[in-house]
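Peer 1: One structure coming up, written as structure tokens, with questions to follow.
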Amino acid sequence: MTVHPLRLALLVRNSEPGKFGTVLADWFAREVESRDDFKLDLIDLSRTPTADLPARIDDADAIVIVSPEYNHGYPGDLKTAIDAVRRPWYAKPVAFLVYGGRSGGLRAAEQLRQVFGELHAVTIRETLSFHQPTDPFTPAAAATLLTQLAWWSRPLREARTTTPYPA
Numbered sequence: 077m078t079v080h081p082l083r084l085a086l087l088v089r090n091s092e093p094g095k096f097g098t099v100l101a102d103w104f105a106r107e108v109e110s111r112d113d114f115k116l117d118l119i120d121l122s123r124t125p126t127a128d129l130p131a132r133i134d135d136a137d138a139i140v141i142v143s144p145e146y147n148h149g150y151p152g153d154l155k156t157a158i159d160a161v162r163r164p165w166y167a168k169p170v171a172f173l174v175y176g177g178r179s180g181g182l183r184a185a186e187q188l189r190q191v192f193g194e195l196h197a198v199t200i201r202e203t204l205s206f207h208q209p210t211d212p213f214t215p216a217a218a219a220t221l222l223t224q225l226a227w228w229s230r231p232l233r234e235a236r237t238t239t240p241y242p243a
């Protein structure tokens with residue numbers, strides 16, 4: 077077991093049974109929990125009061141956002157949640173697990189990268205993308221994403237601990 081595991085916030089719009097996003101989030105949560113370098117905090121936006129979000133994100137060392145693609149972008153309720161947090165995003169690594177549409181959610185991920193750039197967050201290059209429910213869930217792809225996320229999380233956690241982020 078890692079002495080100081082990285083706190084990973086897995087942000088989902090809702091965890092309603094039967095939804096594809098829930099299936100993806102559950103699978104990814106199992107992948108995270110199979111590792112000893114992360115401690116998972118599942119944040120279900122449909123059940124988490126907006127006032128609680130800043131503290132949960134502030135406690136996280138890294139964030140993975142699960143999002144569908146709607147109208148070539150990401151959903152409005154996710155934007156509202158992101159904007160409710162502000163400063164706790166600073167100097168945090170963020171990764172994306174996206175799905176839907178012809179792009180498999182990649183257009184949503186690209187728009188989210190722009191938003192998080194403005195929030196002084198670091199988005200990692202590796203993204204998990206799914207076109208449809210029949211796409212395979214690849215443990216190797218999840219492991220690659222989590223390894224990159226851990227690589228960014230450790231030095232950024234150290235930097236935030238020793239020197240406040242200048243913004």
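For the sequence shown, the numbering used here gives the first residue as 77, with consecutive numbering after it.
Quick reminder that beta carbons are idealized off the backbone N, C-alpha and C, glycines included.
This structure is a prediction, so every number in the text was calculated from the model and none was measured.
1. Whose C-alpha, out of L204, D159, W228, is nearest the C-alpha of W103?
2. Is the region 222–240 in contact with the region 178–192, if contact means three or more CB pairs nearer than 8 Å?
3. Going along the chain, which residues of its own chain have a beta-carbon closer than 8 Å to the beta-carbon of A243, five neighbours each way excluded?
4. Rounded to a whole number of angstroms, what is the C-alpha to C-alpha distance between V174 and L82?
5. Whose CA, out of W228, T98, E92, lies closest to the CA of V170?
6. How is the alpha helix (DSSP H) around F213 delimited, first residue to last?
7. DSSP on S143, reduced to helix/strand/coil?
8. For the alpha helix (DSSP H) that P81 lies in, which residues bound it at each end?
9. Suppose the cutoff is 6 Å on Cβ atoms and the five residues either side in sequence are ignored; what does the same chain contact list for H207 look like?
Peer 2: This is what the structure holds:
1. Nearest C-alpha to W103: L204.
2. Put simply, the region 222–240 does not touch the region 178–192. Fewer than three CB pairs are less than 8 Å apart.
3. Cβ within range, chain order: R163, Y166, H196.
4. Each residue's alpha carbon lies about 22 Å from the other.
5. Across the set W228, T98, E92, the C-alpha of W228 shows the shortest separation from the C-alpha of V170.
6. Careful: F213 lies outside any alpha helix (DSSP H) and carries neither H nor E.
7. Residue state, collapsed to three classes: strand.
8. Neither: P81 is in no alpha helix (DSSP H) and is coded neither H nor E.
9. If we look at H207 and ignore the five residues flanking it on each side, its Cβ neighbours are G180.
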